[in-house]
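**Q** There's a structure below that I have some questions on.
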Amino acid sequence: HFQQEVVMIDGVPKTQCKYCSLRLTATKKSGRSHLINHIAESCPAIDGAARINFLATIKKQTGEGFVFDPKRSWELMVKYFIHAEVPFNKIEDPYFLEWVESVQPTFKVVGRQTLHDDAFNLYEQMREDLRAELQS
Numbered sequence: 114h115f116q117q118e119v120v121m122i123d124g125v126p127k128t129q130c131k132y133c134s135l136r137l138t139a140t141k142k143s144g145r146s147h148l149i150n151h152i153a154e155s156c157p158a159i160d161g162a163a164r165i166n167f168l169a170t171i172k173k174q175t176g177e178g179f180v181f182d183p184k185r186s187w188e189l190m191v192k193y194f195i196h197a198e199v200p201f202n203k204i205e206d207p208y209f210l211e212w213v214e215s216v217q218p219t220f221k222v223v224g225r226q227t228l229h230d231d232a233f234n235l236y237e238q239m240r241e242d243l244r245a246e247l248q249s
């Protein structure tokens, strides 16, 4: 996505985006995340489909730097159960529990009553957010 050759501009090594020709800092200190962010978020020469493909490839590369967040995982699971209209008792299904453990052994799945309560709380929060948005 960037030229292999690095050029010095005002004493700072720069590399050039192959798509939009923007020059970005290319030092070990600055890392490569800003280069990835340029392609993933702000390069004006990349269309939506290419950007989605790029994001898919960088997410598949490694798990380095990944930190499991059980709270976020639980919130996403609650949203999934609501969106997919999965009955709450399915959270106690032994095959589902076995699958969750195979994906993330440290994630502790709680019972259907907790799922029900958290789904209701999410509904209440979304209702309040919508009410506040409509009033403004």
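Anchor point for the sequence shown: position 61 equals 174 in the numbering used here, and the numbering is continuous, going up by one each time. Backbone N, C-alpha and C fix where the C-beta goes; we use that ideal spot for every residue, glycine too. Fair warning: this is a prediction, and the values are worked out from it, not measured in the lab.
(1) Where do the ends of the alpha helix (DSSP H) carrying residue 145 lie?
(2) Is residue 204 closer than 7 Å to residue 189 when the C-beta atoms are compared?
(3) Drop a sphere of 10 angstroms on the beta-carbon of residue 156, count the other beta-carbons inside from all chains shown, and report buried for 16 or more, exposed for fewer.
(4) Put residue 126 into one of helix, strand or coil per three-state DSSP.
(5) So, residue 137 versus residue 153, is the Cβ gap smaller than 7 Å?
(6) In its own chain, which residues sit with a C-beta less than 7 Å from the C-beta of residue 164, not counting the 5 before and 5 after it?
(7) Using a beta-carbon distance below 7 Å, is residue 152 in contact with chain D?
**A** This is what the structure holds:
(1) No alpha helix (DSSP H) holds residue 145; DSSP gives it neither H nor E.
(2) No, they are not a contact pair.
(3) Buried is the call here.
(4) In this structure, residue 126 counts as strand in the three-state DSSP scheme.
(5) At a Cβ-Cβ threshold of 7 Å, residue 137 and residue 153 do not count as neighbours.
(6) For residue 164, where only same-chain residues beyond five positions count, the Cβ hits under 7 Å are 153.
(7) Protein chain content of the structure displayed is limited to a single chain, and chain D is not contained in it.
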